[in-house]
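Let me begin by presenting the structure, written as structure tokens, before commenting on it.
In the numbering used here, the protein residues as written are 1 to 312.
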């Protein structure tokens, strides 16, 4: 009996020792998660202005893996988080392809990964630079009647269904008072004015610019018109509306309902090819907002008009 009790006691003691040993034994070390390799920086143009919402693609030329960096909304910041030892290793080469939002400006930069970068978590402030876009201005200071044209008088709808009205061409004259092109070539308060004669028609001016740049190289179109849209009937809608022809119809750019001198300004950055015909012509139209009624005329006056083309 004593022998049996001794055996039970020994077994219990041994079990207790095992439990104690397990409870005090250090936890088995877990492998550390892979360290990140972070790349961040800013994208600028050569004139040090910010290229907001840049497109930055990074390619590991050793493994052919490619990643698209995140960019900050409304900023020129970009960031990419890679995995140390998996995505990048020492001496591998990262190729940075940076583009502007319209993907017309491009810069390729290569960088060899160092051990110091791996140890310290990546590259900070790896800034990238793009060429400055070029801006070409089209107005009537030169080329009137040869590579840019203006047309005057009235249209039967606002906007009209076709891009060829009004069709009376502006004239050039050595007499400044008769030089209609001269009146719209400078922003100087001297205006070309036209009033309706037909009931139900609207006073209008149409401008056609031959654009030399190819659509694929154009980043932005900016249109500015300065003038007055007025109606003799005070109860009629005053002001004017600015349009651009998109190949299928007139697209509204900007409008006003005041009868004093104004600037109507608009831009387009997408679908550029829609705004140029097969010969490169761009058509801009401005129409007074109300039709001729009774003896109350619709009148449009243009002081200055221009198109700025931002391109590569």
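All residues carry an ideal CB built from backbone N, CA and C; glycine is no exception.
Source: prediction; values computed, not measured.
Which residues does DSSP pair with residue i in a beta bridge?
| i | result |
| --- | --- |
| residue 320 | Lying before the first or after the last residue shown, residue 320 is absent from the chain, which here runs from 1 to 312. |
| residue 208 | 149, 283 |
| residue 220 | 310 |
| residue 174 | According to DSSP, which records beta bridges pairwise, residue 174 is partnered with nothing at all. |
| residue 242 | 254, 286 |
| residue 126 | Partner(s): none; residue 126 has no beta bridge. |
| residue 192 | 302 |
| residue 78 | 41, 71 |
| residue 276 | Its beta-bridge partners do not exist; DSSP assigns none. |
| residue 248 | According to DSSP, residue 248 bridges with nothing at all. |
When you compare only the Cα positions, how much space is there between residue i and residue j?
| i | j | result |
| --- | --- | --- |
| residue 262 | residue 228 | 6 Å |
| residue 311 | residue 276 | 14 Å |
| residue 216 | residue 52 | 20 Å |
| residue 279 | residue 192 | 28 Å |
| residue 149 | residue 93 | 54 Å |
| residue 165 | residue 151 | 8 Å |
| residue 274 | residue 247 | 6 Å |
| residue 104 | residue 219 | 7 Å |
| residue 308 | residue 185 | 14 Å |
| residue 123 | residue 40 | 7 Å |
| residue 35 | residue 100 | 31 Å |
| residue 137 | residue 266 | 15 Å |
| residue 291 | residue 202 | 5 Å |
| residue 269 | residue 197 | 38 Å |
| residue 318 | residue 69 | As displayed, the chain neither begins before 1 nor continues past 312, which places residue 318 out of reach and without an answer. |
| residue 44 | residue 209 | 32 Å |
| residue 59 | residue 115 | 19 Å |
| residue 157 | residue 235 | 19 Å |
| residue 296 | residue 231 | 7 Å |
| residue 221 | residue 282 | 10 Å |
| residue 305 | residue 204 | 14 Å |
| residue 178 | residue 162 | 28 Å |
| residue 146 | residue 195 | 26 Å |
| residue 223 | residue 67 | 38 Å |
| residue 142 | residue 174 | 15 Å |
| residue 63 | residue 134 | 37 Å |
Cutting at 8 Å between CB atoms, please list the residues of its own chain near residue i, excluding the five before and the five after it.
| i | result |
| --- | --- |
| residue 243 | 159, 250, 251, 252, 253, 284, 285, 286, 287 |
| residue 271 | 246 |
| residue 50 | 42, 43, 44, 75, 76 |
| residue 144 | 150, 170, 172, 181, 185 |
| residue 212 | 136, 280 |
| residue 73 | 53 |
Going along the chain, which residues of its own chain have a beta-carbon closer than 7 Å to the beta-carbon of residue i, five neighbours each way excluded?
| i | result |
| --- | --- |
| residue 91 | 112, 113 |
| residue 107 | 98, 128, 129, 130 |
| residue 118 | 37, 84, 90 |
| residue 176 | 182 |
| residue 102 | 219, 269 |
Would you decide whether residue i is buried or exposed? Buried here means 16 or more other CB atoms lie within 10 Å of its CB.
| i | result |
| --- | --- |
| residue 289 | buried |
| residue 130 | buried |
| residue 298 | buried |
| residue 214 | exposed |
| residue 206 | buried |
| residue 48 | exposed |
| residue 87 | buried |
| residue 120 | exposed |
| residue 241 | buried |
| residue 56 | buried |
| residue 33 | exposed |
| residue 71 | buried |
| residue 5 | Because the pLDDT at residue 5 is just 48, under 50, the model does not fix this residue reliably, and the value given afterwards should be weighed accordingly. Exposed, since its Cβ has fewer than 16 Cβ neighbours within 10 Å. |
Can you tell me which of the options puts its alpha carbon nearest to the alpha carbon of residue i?
| i | options | result |
| --- | --- | --- |
| residue 125 | 185, 78, 303, 282 | 78 |
| residue 38 | 115, 54, 84 | 84 |
| residue 95 | 102, 81, 110, 168 | 110 |
| residue 168 | 154, 232, 161 | 154 |
| residue 225 | 258, 187, 234, 232 | 187 |
| residue 132 | 46, 204, 293 | 46 |
| residue 239 | 161, 61, 260, 212 | 260 |
| residue 294 | 264, 63, 233 | 233 |
| residue 237 | 222, 257, 223, 221 | 257 |
| residue 65 | 189, 223, 82 | 82 |
| residue 189 | 303, 142, 195, 139 | 303 |
Does at least one heavy atom of the ligand MN sit under 8 Å from the Cβ of residue i?
| i | result |
| --- | --- |
| residue 40 | Although the ligand MN was asked about, the structure shown includes no ligands whatsoever. |
For residue i, collect the residues of the same chain with a Cβ closer than 6 Å to its Cβ; drop the 5 residues on either side in sequence, then sort them by chain order.
| i | result |
| --- | --- |
| residue 180 | 170, 171, 192 |
| residue 42 | 76, 77, 127 |
| residue 301 | 191, 193, 227, 228 |
| residue 264 | 225, 242, 254 |
| residue 61 | 93, 95 |
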